[in-house]
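Numbering (this note's numbering), first residue to last: 445 to 567.
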């Protein structure tokens, strides 16, 4: 019975790659957008008329790739209009989006923070 409990709460890490500073590609899930943040767009990806996050997109992507290297635990929240899973993503118990914010490689978007979940995690 105790073993069943631990099996039910254990989530093995998922291996993902960074597409940019706020989006991952994960084998079992597909594209995953980090909840509540916006990172600089890769060259040519900032759509006309949109105000994109400032900063170096390559640096942001590289940092996200380093953070997720050991594998991640994904806690899905919703889907966005592009069909991506929007999720809180954790490595070693730390929220990856919070780390991107702390490192100055993304900006917080309150309108994208479903119920203030990211704010609560980053405290």
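Where a beta carbon is used, it is the ideal one built from N, C-alpha and C, also for glycine.
Owing to the predicted nature of the structure, the values given are computational and were not obtained by experimental measurement.
Rounded C-alpha distance that separates residue 532 from residue 460: When only Cα atoms are considered, residue 532 and residue 460 end up about 14 Å apart.
Three-state secondary structure (DSSP) of residue 540: Correct three-state label for residue 540: helix.
Which runs of the alpha helix (DSSP H), 4 residues or longer, sit entirely within the stretch 472-557? Qualifying alpha helix (DSSP H) stretches, in chain order: 501-512, 540-546.
Whose C-beta lies closer than 6 Å to the C-beta of residue 540 among residues of the same chain, with five residues either side of it excluded? Counting only Cβ-Cβ distances below 6 Å, and skipping sequence neighbours, we find 511, 533.
Own chain, CB closer than 7 Å to residue 549, minus 5 neighbours either side, in chain order: Cβ within range, chain order: 465, 483, 499, 503, 504, 507.
Buried versus exposed, by CB contacts within 10 Å (16 or more), residue 524: Label assigned to residue 524: exposed.
Assign residue 529 to one of two classes, buried (16 or more other C-beta atoms within 10 Å of its C-beta) or exposed (fewer than that). By the 10 Å Cβ count, residue 529 comes out buried.
Only counting the same chain, and skipping five residues up and downstream in sequence, which positions put a Cβ closer than 8 Å to that of residue 545? 481, 551, 552, 566.
Near residue 490, which residues of its chain fall below 6 Å by C-beta distance, leaving aside the five closest residues on each side in sequence? Contacts found: 496.
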